[in-house]
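Keeping their order, the protein sequence lines are chains A and B.
Taking the working numbering, I'd label the letters of the first sequence as residues 7 to 237.
Taking the working numbering, I'd label the letters of the second sequence as residues 91 to 211.
Even glycine gets a Cβ: it sits at the ideal position worked out from N, Cα and C.
Computed from a prediction, not measured in an experiment: that's the story for all the values here.
To keep things clear, I will list the structure first and then write my remarks on it.
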Amino acid sequence: MKILVIIPVFNEEETLRGVILGIRSFLSEADILVVNDGSTDSTARIAREEGVLVLEHPYNMGIGATMQTGFIYALRNGYDIAVQVDGDGQHHPESLPFLVKPVLEGHCNLVVGSRYLSDGGFKSTLPRKLGIKFFSSLIWIFTGTRATDPTSGFRAIDRKTLELFSEEYPSDYPEVEALISVYNKGLHFQEIPVTMRDRQGGASSIGILSALYYMVKVTLSISIGSFRRVK
Amino acid sequence: MGISLNLFAIIGSIILLLVILELIRRRYLQERYSLVWIITGALFLLLSIRVDILYRISNFLGFSIPSNALFFFGLLFLVLIVLGLSVITSRLSVKNKILAQEVVLLKKRVTDLEKGLRGPA
């Protein structure tokens with residue numbers, strides 16, 4: 007089984023090296039692909055120095071498009087499993103083997119690493135909790151499945167899901183919608199408990215206004231999407 | 091409507107039409123997007139020459155004054171145009187994303203192939 011770990015990065019020079027080292031020690035059999043979404047700092051140079059695979063967007067295209075570029079690369083280069091790990095050091099590489107395992111054994115098509123399944127001690131703010139609650143309810147309404155951390159970007163997917171995401175993946179704030187499109191395609195996702203650190207560097211990509219936009223956009227997209235015929 | 095205002099409207103419509111034609115000639119405006127503007131310009135010209143058409147339409151639809159009918163249809167038209175432009179922009183941004191992704195993947199392939207040609211490292 008060929009595994010590709012995709013790290014979408016936008017100005018992550020402080021943390022990228024650590025993330026790569028972590029992946030190498032806990033999932034040594036995997037290839038690592040950094041997709042640089044138009045960073046303006048030394049992120050790209052660090053990735054090349056580390057000798058990992060690097061793809062470079064000509065300009066900033068958003069997290070969704072960045073992941074999709076990685077998915078298409080994985081699909082065309084014969085990978086069986088793709089893993090998404092954020093470049094900011096939030097995701098503990100120790101969890102990687104557990105994240106990959108259910109997909110590797112064919113128990114499900116997509117695995118989400120959830121901060122909230124265990125009492126891993128991830129401190130969350132009230133607005134974030136409310137946001138997560140909101141998205142969990144959406145997932146429950148549209149799929150009948152419980153998801154405790156639907157916005158988590160710590161994920162592993164199999165080849166069927168790779169095919170789906172290569173065709174269609176939302177450009178911005180893709181996580182929640184992706185779960186629903188997986189469900190609509192008749193594929194299955196499950197969560198496993200992981201611990202996440204507070205971010206190691208850089209700034210969170212989400213402010214109040216973008217959080218609101220996130221919720222409205224995803225709700226709209228899912229609601230209207232449910233009236234689309236499934237291909 | 092006074093004769094001078096009428097003349098002003100006619101001249102304005104002609105200028106609009108000329109600007110549209112000039113934009114097409116310089117290829118600043120593609121023919122497929124220009125059609126709607128040519129029709130608009132022609133309609134303006136028609137309405138300024140034959141103001142009675144506007145009066146009749148306005149009367150028929152029950153507007154209290156003809157200018158209201160003009161504003162109403164003008165606004166409606168603009169909303170439709172802007173909506174159409176949003177659709178075009180959305181389509182373009184999807185195409186643009188796919189194009190960029192293909193370029194990124196091709197670039198990677200080319201560098202990999204070049205490395206292979208130079209002999210394994």
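How about residue i and residue j: do their beta carbons lie closer than 8 Å?
{"i": "residue 130 of chain A", "j": "residue 200 of chain A", "result": "no"}
{"i": "residue 178 of chain A", "j": "residue 44 of chain A", "result": "no"}
{"i": "residue 12 of chain A", "j": "residue 76 of chain A", "result": "yes"}
{"i": "residue 106 of chain A", "j": "residue 118 of chain A", "result": "no"}
{"i": "residue 127 of chain B", "j": "residue 104 of chain B", "result": "no"}
{"i": "residue 182 of chain A", "j": "residue 145 of chain A", "result": "yes"}
{"i": "residue 32 of chain A", "j": "residue 103 of chain A", "result": "yes"}
{"i": "residue 186 of chain A", "j": "residue 228 of chain A", "result": "yes"}
{"i": "residue 74 of chain A", "j": "residue 203 of chain A", "result": "no"}
{"i": "residue 193 of chain A", "j": "residue 116 of chain A", "result": "yes"}
{"i": "residue 58 of chain A", "j": "residue 26 of chain A", "result": "yes"}
{"i": "residue 191 of chain B", "j": "residue 163 of chain A", "result": "no"}
{"i": "residue 14 of chain A", "j": "residue 193 of chain B", "result": "no"}
{"i": "residue 18 of chain A", "j": "residue 46 of chain A", "result": "no"}
{"i": "residue 232 of chain A", "j": "residue 140 of chain A", "result": "no"}
Give me the chain B residues within the contact set of residue i, using Cβ-Cβ distance strictly less than 7 Å, ordered along the chain.
{"i": "residue 26 of chain A", "result": "What residue 26 of chain A touches in chain B: nothing, since even the nearest Cβ is about 18 Å away."}
{"i": "residue 177 of chain A", "result": "187"}
Which chain B residues are close to residue i, counting only those with a beta carbon under 9 Å from its beta carbon?
{"i": "residue 62 of chain A", "result": "194, 197 and 198"}
{"i": "residue 74 of chain A", "result": "187 and 191"}
{"i": "residue 85 of chain A", "result": "Neighbours of residue 85 of chain A on chain B: none; closest Cβ ~14 Å, over 9 Å."}
{"i": "residue 184 of chain A", "result": "Per Cβ cutoff of 9 Å: no residues; residue 184 of chain A is ~16 Å from chain B at best."}
{"i": "residue 71 of chain A", "result": "187, 190 and 191"}
Given this structure, state the Cα-to-Cα distance separating residue i from residue j, to the nearest angstrom.
{"i": "residue 113 of chain A", "j": "residue 62 of chain A", "result": "33 Å"}
{"i": "residue 169 of chain A", "j": "residue 51 of chain A", "result": "30 Å"}
{"i": "residue 72 of chain A", "j": "residue 154 of chain A", "result": "25 Å"}
{"i": "residue 36 of chain A", "j": "residue 10 of chain A", "result": "5 Å"}
{"i": "residue 97 of chain B", "j": "residue 173 of chain B", "result": "32 Å"}
{"i": "residue 226 of chain A", "j": "residue 94 of chain A", "result": "29 Å"}
{"i": "residue 187 of chain B", "j": "residue 159 of chain A", "result": "21 Å"}
{"i": "residue 199 of chain B", "j": "residue 92 of chain A", "result": "24 Å"}
{"i": "residue 66 of chain A", "j": "residue 34 of chain A", "result": "30 Å"}
{"i": "residue 173 of chain A", "j": "residue 189 of chain A", "result": "15 Å"}
{"i": "residue 112 of chain B", "j": "residue 171 of chain B", "result": "20 Å"}
{"i": "residue 211 of chain B", "j": "residue 99 of chain A", "result": "With a pLDDT of only 48 at residue 211 of chain B, under the threshold of 50, the placement of this residue in the model should not be trusted; the figure read from the coordinates follows. Distance between the alpha carbons of residue 211 of chain B and residue 99 of chain A: 30 Å."}
{"i": "residue 220 of chain A", "j": "residue 156 of chain A", "result": "13 Å"}
{"i": "residue 215 of chain A", "j": "residue 184 of chain A", "result": "22 Å"}
{"i": "residue 81 of chain A", "j": "residue 129 of chain B", "result": "48 Å"}
{"i": "residue 142 of chain A", "j": "residue 152 of chain A", "result": "7 Å"}
{"i": "residue 39 of chain A", "j": "residue 166 of chain B", "result": "50 Å"}
{"i": "residue 205 of chain B", "j": "residue 119 of chain B", "result": "44 Å"}
{"i": "residue 144 of chain B", "j": "residue 163 of chain B", "result": "11 Å"}
{"i": "residue 75 of chain B", "j": "residue 152 of chain B", "result": "It is not possible to answer for residue 75 of chain B, since the shown part of chain B is limited to 91 through 211."}
{"i": "residue 191 of chain A", "j": "residue 56 of chain A", "result": "37 Å"}
{"i": "residue 195 of chain B", "j": "residue 202 of chain B", "result": "11 Å"}
{"i": "residue 102 of chain B", "j": "residue 168 of chain B", "result": "18 Å"}
{"i": "residue 7 of chain A", "j": "residue 111 of chain A", "result": "11 Å"}
{"i": "residue 157 of chain B", "j": "residue 171 of chain A", "result": "53 Å"}
{"i": "residue 247 of chain A", "j": "residue 125 of chain B", "result": "One cannot answer for residue 247 of chain A here, as it falls past the ends of chain A, which runs 7 to 237."}
{"i": "residue 208 of chain B", "j": "residue 161 of chain A", "result": "37 Å"}
{"i": "residue 218 of chain A", "j": "residue 114 of chain B", "result": "42 Å"}
{"i": "residue 135 of chain A", "j": "residue 180 of chain A", "result": "19 Å"}
{"i": "residue 84 of chain A", "j": "residue 165 of chain A", "result": "9 Å"}
{"i": "residue 182 of chain B", "j": "residue 142 of chain B", "result": "42 Å"}
{"i": "residue 223 of chain A", "j": "residue 176 of chain A", "result": "11 Å"}
Return yes when the C-beta of residue i is under 7 Å from any heavy atom of the ligand GTP, and no when it is not.
{"i": "residue 166 of chain A", "result": "This structure simply doesn't include the ligand GTP, nor any ligand for that matter."}
Can you name the residues of chain A whose CB is closer than 7 Å to the CB of residue i?
{"i": "residue 190 of chain B", "result": "63, 64 and 67"}
Compare the C-alpha of residue i against each of the options and name the closest.
{"i": "residue 95 of chain B", "options": "B:191, B:107, B:201 and B:137", "result": "B:137"}
{"i": "residue 167 of chain A", "options": "A:123, A:134 and A:109", "result": "A:109"}
{"i": "residue 93 of chain B", "options": "B:140, B:181 and B:124", "result": "B:140"}
{"i": "residue 107 of chain B", "options": "B:122, B:159 and B:132", "result": "B:132"}
{"i": "residue 197 of chain A", "options": "A:120, A:176 and A:60", "result": "A:120"}
{"i": "residue 122 of chain B", "options": "B:102, B:178 and B:157", "result": "B:178"}
{"i": "residue 134 of chain B", "options": "B:100, B:189 and B:176", "result": "B:100"}
{"i": "residue 23 of chain A", "options": "A:53, A:42, A:46 and A:47", "result": "A:53"}
{"i": "residue 184 of chain B", "options": "A:68, A:150, A:213 and A:234", "result": "A:68"}
Taking Cβ-Cβ distances shorter than 9 Å, what residues in chain A pair up with residue i?
{"i": "residue 205 of chain B", "result": "In chain order: nothing, as chain A lies at least about 12 Å away."}
Does any CB atom of chain E fall closer than 8 Å to the CB of residue i?
{"i": "residue 158 of chain A", "result": "Going by chain labels, chain E is absent from the structure shown, which instead holds the protein chains A and B."}
Residue i versus chain B: which residues are under 8 Å apart at the beta carbon?
{"i": "residue 79 of chain A", "result": "195 and 198"}
*Any chance you could list the alpha helix (DSSP H) runs of at least 4 consecutive residues sitting entirely within the segment 120-178 of chain B, in chain order?*
Runs of alpha helix (DSSP H) with 4 or more residues, each lying fully within the segment 120-178 of chain B, are found at 121-139 and 141-151, listed in chain order.
*Please list the segments of the alpha helix (DSSP H) lying wholly inside the segment 64-136 of chain A, counting only runs of 4 or more residues, in order along the chain.*
Runs found: 69-82 and 102-110.
*asked:* Restricting to runs no shorter than 4 residues, where is the alpha helix (DSSP H) found entirely within the segment 175-199 of chain B?
replied: Taken in chain order, no unbroken stretch of alpha helix (DSSP H) lies wholly in the segment 175-199 of chain B with a span of 4 residues or more.
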